[in-house]
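In our numbering, the protein residues as written are 25 to 504.
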């Protein structure tokens, strides 16, 4: 029996470490893990029984007592680590120390996710332990902290081809979102894509945004710098249906319009069309006008009736004399105090003229709202939902249309402002545009002297301290 005792001791360690390894790396192999654990325990019991006398004698010696103290201290240290990990596991607070807060959700995203109207099933198709899966796990963890209505399931396409085929997935990294009868897929796991996908599957209706055409407006299908194709794609990505509108042909704004955008008209908008716009607003509609300075669109009288007066120098002023008509105007955007409204575009020079220019801050965007008579407006709108809410007409006027065209929409939050304004007009405040967080390359620039110092510190000083401490302990124990 004593002959096999050392072998059983080594087998105890081998089987024990093997069981721990498979438990951490491949937890699904439960039968193998249990078998290895049973072999480790049985060999350990045999070793204790065979070497019981020797073990007792060892622990009675001075060296054994020192060893016991070491084991106890190590166990206490490991116990503290385990307890700390349990606390961290139960209280899942995440801290983001990256420069651009790459792993922190935007406040709008947190608010939307916390108010999800119903359950969402999310199926992520990733291979086991890939970098893409780790990045997605990091991202979705932020969502799971805000709500319990998201159920996440991981599927390995190589191991589960039947499930992969069932969902129609053909590429790794595809994420399928399901809620009720709605389903959508995304290929790139970014905060923007994931939030927009959640919006698509949890919204009950898909709203329509119309863009007025026929007066030289920026075209929603144009790829030119002045076009609005990017704005259209961004709206569609947010779940809106985007359509062009020729008012001279239709006569009225369609009843399914959630908002109407007039982006940079350069030719006069006819009186019949302006009457149709007025009728649409009086039924609780929402209109966004992007009027460039000096443009001959002929909408000045129409806008003035809504408390907004356009200047010839990218200035928009609210007209206080309209307050008796229940129209409330609010200046939405202003320039800085050091700016001015330039009125001379032909001279080729930019200089403040006290006689013709307006000193800043200069208003460049105004919101005009009018509370309507609910019963009458609801009857005119022919929308049953309008009977349950107080109707109001909303008009947003911005003194420029270039800021959201293909060339400038991605600069300085222009696209976010345009999308958020349209979403607000369509009464989709939760439908927000989130700029993807950019990874910044911030290298550490070291001088040659600092580089040498860090090299010597890491190679010689730290290793010297460890080696010196070990030699000192060995020297002291020689006399024991």
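For glycine and all other residues, C-beta sits at the position ideal for the given N, C-alpha and C. Bear in mind the structure is a predicted one, so any value in this text is a computation, not a measurement.
Would you mind sorting residue 319 into buried or exposed? The rule is 16 or more other CB atoms within 10 Å of its CB. buried
Hey, would you say residue 160 sits closer than 8 angstroms to residue 150, going by beta carbons? yes
Per DSSP, the bridge partner or partners of residue 312: 285, 420
Is residue 259 buried or exposed, if buried means 16 or more other CB atoms sit within 10 Å of its CB? buried
Decide yes or no for the touch test of the segment 220 to 236 against the segment 262 to 269: beta carbon pairs closer than 8 angstroms, at least 3 of them. yes
DSSP-derived helix/strand/coil call for residue 81: helix
Checking the sheet assignment: what are the DSSP bridge partners for residue 113? Residue 113 pairs with nothing; no bridge assigned.
So for residue 219, helix, strand or coil by DSSP? helix
Under the three-state DSSP convention, the category residue 136 falls into: helix
Using 10 angstroms around the beta-carbon of residue 78, count the other beta-carbons present and answer buried if the total reaches 16, otherwise exposed. exposed
With the cut-off set at 8 angstroms, would you say residue 356 and residue 389 are in Cβ contact? yes
Considering only their Cβ atoms, is the gap separating residue 176 from residue 146 smaller than 8 angstroms? yes
What residue from 321, 212, 392, 322 has the CA that sits closest to residue 350's CA? 392
Look up residue 185 in the DSSP assignment and say whether it is helix, strand or coil. helix
Could you tell me if residue 304 is buried or exposed, where buried requires 16 or more neighbouring beta carbons within 10 angstroms of its beta carbon? buried
contact_flag[the segment 87 to 98, the segment 47 to 55] where n(CB pairs < 8 angstroms) is 3 or more: no
By a C-beta neighbour count over all protein chains shown, 10 Å radius and 16 as the cutoff for buried, is residue 480 buried or exposed? exposed
Assigned exposure category for residue 427 - 16 Cβ within 10 Å defines buried: buried
State yes or no: is the C-beta of residue 439 within less than 8 angstroms of the C-beta of residue 445? no
Beta-carbon within less than 7 angstroms of residue 227's beta-carbon, same chain only, minus the 5 sequence neighbours each way: which residues are those? 263
For residue 310, which residues of its own chain have a beta-carbon under 6 angstroms away from its beta-carbon, when the five flanking residues on both sides are left out? 283, 418, 449
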